[in-house]
Amino acid sequence: MGKTGYDHKALEKAAREKWAERNLYVTDLTDESKEPYYLLFEFPYPSGDLHIGHWFAFGVTDIFARLKRMQGKNVLFPIGFDAFGLPAENAAIKFGKDPKEWTVANMERMTEQLKSIGLSVDWSKRIASCEPKYYHWTQWLFQKFYEQGLAERRNAPVKWCPKDQTVLANEQVVNGACERCGTEVEEKNLTQWFLKITQYAERLLADLEPLPWLEEIKEAQRQWIGKSEGAKLWFTIEGSEEAIEVFTTRPDTLYGATYVVLAPEHPLVSALPATNRAEVDAYVAQTKLKTERERQENKDKTGVRLEGITAVNPVTKELIPVFAADYVLATYGTGAVMAVPAHDERDFAFAKKYDLPIRYVVAPKMIDTGNPPQDGKRVVKRYSILAVVHDPKTKKYLSLKWKEQGWTTFITGGIDADEDVVEAAKREILEETGYKNLKFIRRLGGPVWAEFFAAHKDENRIAINSPLLFELENDERDPVAQAELDQHEAHWLDLKEIAAEKMRHAEIEQILSHLDGEDGAYTGDGMLINSEAFDGRENREALWDIVTAADGEKTTNYRIRDWLVSRQRYWGCPIPVVYDPEGKVHLVPAEHLPWLLPEDVDFKPTGEAPLASSKELKERVTRIFGEGWTPEYDTLDTFVDSSWYYTRYLAADDDTQFSNFSLMKRWLPVQRYSGGSEHTTMHLLYARFFHKALYDLALVPTPEPFHERFNRAIILGPDGNKMSKSKGNVINPDDIVEKYGADAVRMYLAFIGPYNEAGHYPWSLDGVPAMRRFLERVTKLVPNLKEGSATEAERKALAKATVKVADDSERFKFNTAVSGLMVCLNELEASKSCSKEAFVEFVKLLAPFAPHLTEQLWEAVGQAGSVHEALWPAADPSLLTEDTVTVVVQVAGKKRGEVMLAPTASEEEALKAAQSIPTVAELLAQGTPKRVVYVSGKILNIVP
RNA sequence: GCCGAGGUGGCGAAAUUGGUAGACGCACCUGCCUUAGGAGCAGGCCCCGCAAGGGAUGGAGGUUCGAGUCCUCUCCUCGGCACCA
Numbered sequence: 002m003g004k005t006g007y008d009h010k011a012l013e014k015a016a017r018e019k020w021a022e023r024n025l026y027v028t029d030l031t032d033e034s035k036e037p038y039y040l041l042f043e044f045p046y047p048s049g050d051l052h053i054g055h056w057f058a059f060g061v062t063d064i065f066a067r068l069k070r071m072q073g074k075n076v077l078f079p080i081g082f083d084a085f086g087l088p089a090e091n092a093a094i095k096f097g098k099d100p101k102e103w104t105v106a107n108m109e110r111m112t113e114q115l116k117s118i119g120l121s122v123d124w125s126k127r128i129a130s131c132e133p134k135y136y137h138w139t140q141w142l143f144q145k146f147y148e149q150g151l152a153e154r155r156n157a158p159v160k161w162c163p164k165d166q167t168v169l170a171n172e173q174v175v176n177g178a179c180e181r182c183g184t185e186v187e188e189k190n191l192t193q194w195f196l197k198i199t200q201y202a203e204r205l206l207a208d209l210e211p212l213p214w215l216e217e218i219k220e221a222q223r224q225w226i227g228k229s230e231g232a233k234l235w236f237t238i239e240g241s242e243e244a245i246e247v248f249t250t251r252p253d254t255l256y257g258a259t260y261v262v263l264a265p266e267h268p269l270v271s272a273l274p275a276t277n278r279a280e281v282d283a284y285v286a287q288t289k290l291k292t293e294r295e296r297q298e299n300k301d302k303t304g305v306r307l308e309g310i311t312a313v314n315p316v317t318k319e320l321i322p323v324f325a326a327d328y329v330l331a332t333y334g335t336g337a338v339m340a341v342p343a344h345d346e347r348d349f350a351f352a353k354k355y356d357l358p359i360r361y362v363v364a365p366k367m368i369d370t371g372n373p374p375q376d377g378k379r380v381v382k383r384y385s386i387l388a389v390v391h392d393p394k395t396k397k398y399l400s401l402k403w404k405e406q407g408w409t410t411f412i413t414g415g416i417d418a419d420e421d422v423v424e425a426a427k428r429e430i431l432e433e434t435g436y437k438n439l440k441f442i443r444r445l446g447g448p449v450w451a452e453f454f455a456a457h458k459d460e461n462r463i464a465i466n467s468p469l470l471f472e473l474e475n476d477e478r479d480p481v482a483q484a485e486l487d488q489h490e491a492h493w494l495d496l497k498e499i500a501a502e503k504m505r506h507a508e509i510e511q512i513l514s515h516l517d518g519e520d521g522a523y524t525g526d527g528m529l530i531n532s533e534a535f536d537g538r539e540n541r542e543a544l545w546d547i548v549t550a551a552d553g554e555k556t557t558n559y560r561i562r563d564w565l566v567s568r569q570r571y572w573g574c575p576i577p578v579v580y581d582p583e584g585k586v587h588l589v590p591a592e593h594l595p596w597l598l599p600e601d602v603d604f605k606p607t608g609e610a611p612l613a614s615s616k617e618l619k620e621r622v623t624r625i626f627g628e629g630w631t632p633e634y635d636t637l638d639t640f641v642d643s644s645w646y647y648t649r650y651l652a653a654d655d656d657t658q659f660s661n662f663s664l665m666k667r668w669l670p671v672q673r674y675s676g677g678s679e680h681t682t683m684h685l686l687y688a689r690f691f692h693k694a695l696y697d698l699a700l701v702p703t704p705e706p707f708h709e710r711f712n713r714a715i716i717l718g719p720d721g722n723k724m725s726k727s728k729g730n731v732i733n734p735d736d737i738v739e740k741y742g743a744d745a746v747r748m749y750l751a752f753i754g755p756y757n758e759a760g761h762y763p764w765s766l767d768g769v770p771a772m773r774r775f776l777e778r779v780t781k782l783v784p785n786l787k788e789g790s791a792t793e794a795e796r797k798a799l800a801k802a803t804v805k806v807a808d809d810s811e812r813f814k815f816n817t818a819v820s821g822l823m824v825c826l827n828e829l830e831a832s833k834s835c836s837k838e839a840f841v842e843f844v845k846l847l848a849p850f851a852p853h854l855t856e857q858l859w860e861a862v863g864q865a866g867s868v869h870e871a872l873w874p875a876a877d878p879s880l881l882t883e884d885t886v887t888v889v890v891q892v893a894g895k896k897r898g899e900v901m902l903a904p905t906a907s908e909e910e911a912l913k914a915a916q917s918i919p920t921v922a923e924l925l926a927q928g929t930p931k932r933v934v935y936v937s938g939k940i941l942n943i944v945p
């Protein structure tokens, strides 16, 4: 440390003592003299040591809390601990420590470290979710959910982590693996507690819209909720009372449904009397062996037909086969789908593999722009073919050159009654070119709905045209009729020539893309064909009419599942229910809350809930409820604890209620909530659901818990990688604070980049020393301070900084706020000595960023009280406007110089001033310019 | 594949409504001071060019007196969802 360095350790200690003495950061929740401002960060998990991410999360937010206080707000800036959870229990298993002791010790250690940041949080309202006085109310709220029918116990397939020996919520399964330990997840059927978040799906979605959150946060929640609108349709089983209920978003394609698929787990798979029962059961057993991950990664379609079972297409009344296949998910929709291979990629792949019929019912509409339909002409619709004949020997394609018209086409023609498309095509090829030995290869996509005006017949034509690919087996030819030869002659063209020929087919792109590509389903929109009475209507327009014709129902499906909250773990909130001898659920009566977590448990992972090993818990239940009554052994997901904690800060020590309604009316919703993006579809969604449920119970006054949500960026190691012990790139804040002081660390974190962005900022080893240097420069002004009032230049610099720091901080752009302070300091240093008045103002601006040092400087220049009790300066608007401004002079948009002008200067004055620039003077001497653009105070552009 | 956010010097990044591209800082370079420097001070620092000048915000077009900013197409990076019917 340099000789001139200030003693950060001494002054930080003194500053904190002073704040404590003056009780600066205890918020009086009932104070109505000031406007309330609830600033919240996600309460931390007490993992043990404070890392740089904590400094970033809390230290930078603290800047804003301090600024808001100076701006006269009554700021609630609380802190607590999200103290239940797996790591405590894992430590217990690993080191034989008591999870409670481990957690309490960590909380104490972290509290000390947190105080070293200089946080202005209100420690008097500290909460910890593992304390009985907190979880008392987690339990009470759970019971309210139960009474309301929002908490339900049911048997369900659940995700099970074999390593952690616990059930996981959907949100905790990432790519088929446990979010915590990466172990592949298994499926189990267990009786579990669920909170019915699905009942709130629509409101969670709708109420998202007006929130001033970043689009990426809202969109992630929307996708997670996954609303999709469609219809339920019923396919009856031939010769049975049963019907298969399917969900589809494309009922418009119902006429193309050529089979039905059930998820392997679907109850009808085992219930229906398939004649190949053994084969079906074997398939179902085989899919059960697959892990979630295998199912997701392997997209090859497998399945088994239920032999002897046929379903009835509700509109065509056709009898169609029924399959069980694991590409259909049991947990989405009805667990059964109608398969439309022509218009769904997955069904198409399955149909190809099992050779099932593919029927096109939607044809893309293409209008021949060179020859469009004309008004008032009759319309003739016909089915036709378009044949592409390929000669594998020459790799060329057969085309017709039309003599009179001069255009080139493939072979086209109508389909006669009762004629097959392939037959029709072969007939046309023979008639027009004489080639007769042809092999049908495949369709080149589905039929196209082409509209054009047929001049020779004076009518509008609709051609429902099927493009087909043939291969020439040999070049044997029959003679071609003279009438045909008079019209056109056959040519063989290669692919390049085809592209160059600009073939007269609206569907040429479709043909070309299918020639070299794979065949596939058409998933776009178009005109209905092969759909009986609906033929010729647009698919989207006719969609609901088809649902009606099929006796279906409009319905909405959501991707989101109910929230599974049971955990077979020890260190969590006990679920406050017991079971009577018949196994019926009873809530633990209010007088027995908090329903305490027993302490005599065995932590060894056995696959059974640890609470089952507690003698005390069993005895407690017997004592209170009687013989034969049994406890609930599961605990609650910790996300339940954190779904309501922000209301608890308003009544942290109140043992009579979970929060305080009149205070909530004053303080909710949280004005600004800052946290990590990893919680977007977890905590943030759960808390919104919880809050809405409480709102419906009239327990909270607002429908949403958080007004603004800011997801903060992530600090990377100096090498640009995520910090991790194995990479050896972890920055330990303690060492840096020891060397450079807390203020320098806070300021560097503020300066590192915009806070409210999904950015990843590599930690620069030189960043904190740079901030220390800046702070030392501030201290160096002190010995040379000049008594008396500030100069004009100083007052202008301060006014600018005052506005910039406040505005940028409001948007959580602390990086540019700090830069504003630096610019201001540069100006204050410009003269030999800064005035004391200016310095005092500057110290106020710096106070939120460097709270310790500014406290000392405040005293050093003889100010009374604490700088943190000072009010944020009001900037005099007259100081913010300049007397002269720089106007850039351009010639034809190129900068040629600049002139200093009064902001009010006229165009004439600007032009006159611009004469001082030689190139401009020269130009103006040549005569009047074509155009002059003058934006006062900014730019003068002369266009010659 | 669908959706969202981005792409600006060696690095982190600035740039209210279209109006001096690169503020501020880091790193680096030169000089001064110093017994010393991981200190301080002065200056330099996008590219080409001696200069005048020219080029440059992922790429290609367009609108405009003027485009990092608006429009069209395209490439790349990150994030979310994903066999969701």
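The first sequence maps to residues 2 to 945 in this note's numbering. Just so you know, even glycine gets a beta-carbon here, dropped at the ideal spot from N, CA and C. Quantities reported herein were computed from a predicted structural model and do not represent experimental measurements.
- In this structure, DSSP gives VAL281 a helical state, which the three-state scheme calls helix.
- Here PHE96 is exposed: its Cβ has fewer than 16 other Cβ atoms, across all protein chains shown, within 10 Å.
- Taking C-beta atoms as the reference points, PRO702 and VAL671 fail to come closer than 8 Å.
- Judged by beta-carbon spacing, VAL380 lies within the 8 Å limit of ASN461, meaning their Cβ atoms are closer than that value.
- For GLU203, the uninterrupted alpha helix (DSSP H) segment begins and ends at 202-207.
- In the displayed model, GLU910 falls within a helix according to three-state DSSP.
- Taken through DSSP and simplified to helix, strand or coil, GLN672 comes out as strand.
- With contacts defined as CB atoms closer than 8 Å, PHE143 and ILE625 fail to qualify as a contacting pair.
- Judged by DSSP secondary structure, TRP161 falls within the beta strand (DSSP E) whose first and last residues are 152-162.
- Taking one beta carbon from each stretch, the region 59-75 and the region 26-45 have 3 or more pairs nearer than 8 Å; the two touch.
- The C-beta separation of VAL363 from ASP526 comes to about 7 Å, placing the pair in contact by the 8 Å criterion.
- Judged by pairs of C-beta atoms under 8 Å, the region 119-126 touches the region 73-81, as three or more such pairs exist.
- For HIS869, there is no enclosing beta strand (DSSP E), as DSSP marks it with neither H nor E.
- ALA456 is the residue among ARG428, ALA456, SER937 whose C-alpha sits nearest the C-alpha of GLN406.
- PHE146 and ARG747 have their alpha carbons spaced roughly 42 Å apart.
- By the Cβ criterion, the region 599-617 is not in contact with the region 580-587, since fewer than three pairs of Cβ atoms, one from each stretch, lie closer than 8 Å.
- Assignment of THR276 by DSSP, reduced to helix, strand and coil, places it in the coil class.
- A distance of 8 Å or more separates the beta carbons of ALA807 and TRP859.
- Under the three-state reduction of DSSP, VAL247 is assigned to strand.
- VAL261 and VAL338 have their C-alpha atoms some 6 Å from each other.
- In the three-state reduction of the DSSP assignment, ASN540 falls in the helix class.
- Ranked by how close their Cα comes to the Cα of PRO211, the residues LEU902, ARG710, PRO45 have ARG710 in first place.
- Annotated three-state conformation of PHE640 is helix, per DSSP.
- In this structure GLN488 does not touch TRP545 by the C-beta definition: roughly 46 Å separates them, more than the 8 Å allowed.
- Collapsing the DSSP output to three states places GLN140 in a helix.
- Here the region 722-731 makes no contact with the region 36-47; the two share fewer than three CB pairs at distances below 8 Å.
- For TYR687, the uninterrupted alpha helix (DSSP H) segment begins and ends at 684-697.
- The beta carbon of GLU474 sits closer than 8 Å to the beta carbons of ASN438, LEU439, LYS440 from its chain, once the five residues preceding and following it are set aside; these are given in chain order.
- Beta-bridge partners of HIS761 (DSSP): ILE715.
- Taking 8 Å as the cut-off, the Cβ atoms of PHE690 and ASN757 do not count as close.
- Nearest neighbour of LEU196 by Cα position, chosen from TYR687, GLU295, LEU234, turns out to be TYR687.
- Our two residues, LEU494 and LEU399, have alpha carbons roughly 6 Å apart in a direct line.
- Under a 10 Å Cβ-count criterion, GLY573 is classified as buried, with 16 or more other Cβ atoms of the shown protein chains found around its own Cβ.
- DSSP places SER810 inside the alpha helix (DSSP H), whose first and last residues are 793-811.
- Burial check for ARG443: the Cβ neighbour count within 10 Å stays below 16, so the residue is exposed.
- Between the region 815-831 and the region 874-891 there are fewer than three C-beta pairs closer than 8 Å, too few to call the two in contact.
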